[in-house]
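> For reference, each letter of the sequence shown is one residue, going 1 to 273 in our numbering.
My questions will all concern the structure given below.
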Amino acid sequence: MVLPEGFVLPPWYLLVPLLVILAGIIALLWVLEPPVTDRTVLAFAPWMMFGSALHVLYQLDAYPENVETLFATPTVYLVAAAVAGAAWIVAIFLYAGGLQPTISRFFGIAGTAFFAVFASIILNVSWGEETFNLFWPVIAVIAAGIVTAIVWVALSLWFTDVAATTSYTGALVVFGHTLDGVSTAVGYDVIGVEETVPLSALLLEAGGSLPIAEYVGAGWLFVLVKAALALVILGLFKEYVEDAPQQARIVLAGIAAIGLGPGVHNVLLFIAT
């Protein structure tokens, strides 16, 4: 009911080694116990975007046939997590050896570099196939930024303690889900993209059935629900962040990824198709 169409699992000889590698990375991180701060969560953001770029390239048929299923959903998330986890471990050892001033700095720069490379490949492929289009993707990102700013200012004014406690991590959660909402609305109302997630499709259909849809489209309700959901989550997590800040930020980073990943995926796909 809530999963998108097109879930594909790779053959066992690809999936099993990937799971073993990912389990080893998680175990090592568990032993190392790296600090998780707001800066760490922000450093995760480009890695979330990196996973989106990997999946868009899969949709553009850019991978060899024998490994392409690794980059379909849901396995692409495991691939991105494994690469990000390995980079995090490298950052920890570089910091311990005095080669980096902070863990999050190297981790974030590495994630940005990985995303930039694969996003550039997407742009190059779309340019070569003459499908390159920046207008609506840029509009979606700008609109998401404006909505995020409005939502965050409202949160800071009326629920100052929630905004102060969740800080940059909370802002990333709001932006990620807002970008997902706005990009989905733009795709549905303007570009004509069919929504493949059943629950999202229901919200879009509900928005389209209201009288106001004739003037503002069907996607406004989806944007409103996504932004409101992000705020509710932050309110519920306030005490958790105060009591167990590291654990809470890890969970909030995952929640941010659920919004930012699909949002960036939408933007990149709109550019390339």
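C-beta atoms are modelled at their ideal positions from N, C-alpha and C, and glycine is treated no differently.
The structure presented is a predicted model; accordingly, all values stated were derived computationally and were not measured.
(1) Specify the secondary structure class of V16 as computed by DSSP and reduced to three states.
(2) So, under 8 Å CB-CB, F175 and A144 are touching, yes? Tell me the CB distance rounded to an integer number of Å.
(3) In its own chain, which residues sit with a C-beta less than 8 Å from the C-beta of T166, not counting the 5 before and 5 after it?
(4) Thinking C-beta only, is F71 closer than 8 Å to Y63?
(5) Which partner residues does P74 have in the DSSP bridge list?
(6) Within the segment 47 to 116, note down every full alpha helix (DSSP H) run reaching 4 residues or more, in order along the chain.
(7) Y208 to L221, Cα distance in whole Å?
(8) Whole angstroms is fine: what's the gap from L28's alpha carbon to N133's?
(9) Considering only C-alpha positions, which residue in the set L202, S156, F118, V182 is nearest to V141?
(10) Does P262 pass the burial test, meaning 16 or more other C-beta atoms within 10 Å, or should it be called exposed?
(11) To which residues of the same chain is A248 closer than 7 Å at the C-beta, ignoring the five residues directly before and after it?
(12) Under 8 Å, do T102 and P10 count as touching if we go by C-beta distance?
(13) Report the CB separation of A53 from L268 in whole angstroms; it is logged as a contact under 8 Å.
(14) Using the three-state DSSP reduction, which class does A244 fall into: helix, strand or coil?
(15) So, does the CB of W220 fall closer than 8 Å to a CB anywhere in chain D?
(16) For F50, collect the residues of the same chain with a Cβ closer than 8 Å to its Cβ; drop the 5 residues on either side in sequence, then sort them by chain order.
(17) Could you pull the start and end residues of the alpha helix (DSSP H) that S180 belongs to?
(18) Counting only the same chain and skipping the five closest in sequence on each side, list residues whose C-beta sits under 8 Å from that of D38.
(19) Can you tell me which of the three DSSP states L210 falls into?
(20) Just to confirm, are T184 and E195 a CB contact at a threshold of 8 Å?
(21) Cα separation between L22 and V90?
Taking the geometry as given:
(1) Taken through DSSP and simplified to helix, strand or coil, V16 comes out as helix.
(2) Their Cβ separation, rounded to whole angstroms, is 7 Å, which keeps F175 and A144 in contact under 8 Å.
(3) The residues are V173, L234, F237, K238, V241, L252.
(4) Yes, they are a contact pair.
(5) The beta-bridge partner set that DSSP reports for P74 consists of V8.
(6) Whole alpha helix (DSSP H) segments, 4+ residues: 75 to 96.
(7) It should be pointed out that residue 208 corresponds to Gly in this sequence rather than to Tyr. Roughly 9 Å between the two C-alpha positions.
(8) If you draw a straight line from the Cα of L28 to the Cα of N133, it comes to about 42 Å.
(9) The shortest Cα separation from V141 among L202, S156, F118, V182 belongs to V182.
(10) It counts as buried.
(11) F237, Y240, V241, listed in sequence order.
(12) No; because the gap between Cβ atoms is not below 8 Å, this pair is not in contact.
(13) About 6 Å separates the Cβ atoms of A53 and L268, confirming a contact at the 8 Å cut-off.
(14) Secondary structure at A244: coil, using DSSP grouped into helix, strand and coil.
(15) As a matter of chain content, chain D is missing from the structure shown, which is built from one protein chain.
(16) So the qualifying residues of the chain are A80, V83, A84, G111, F114, F115, F118.
(17) For the sequence presented, residue 180 should be read as Asp rather than Ser. Note, D180: alpha helix (DSSP H), 160 to 186.
(18) Here the set comprises S167, Y168, T169, R249.
(19) Annotated three-state conformation of L210 is coil, per DSSP.
(20) Yes.
(21) Whole-angstrom Cα-Cα distance: 15 Å.
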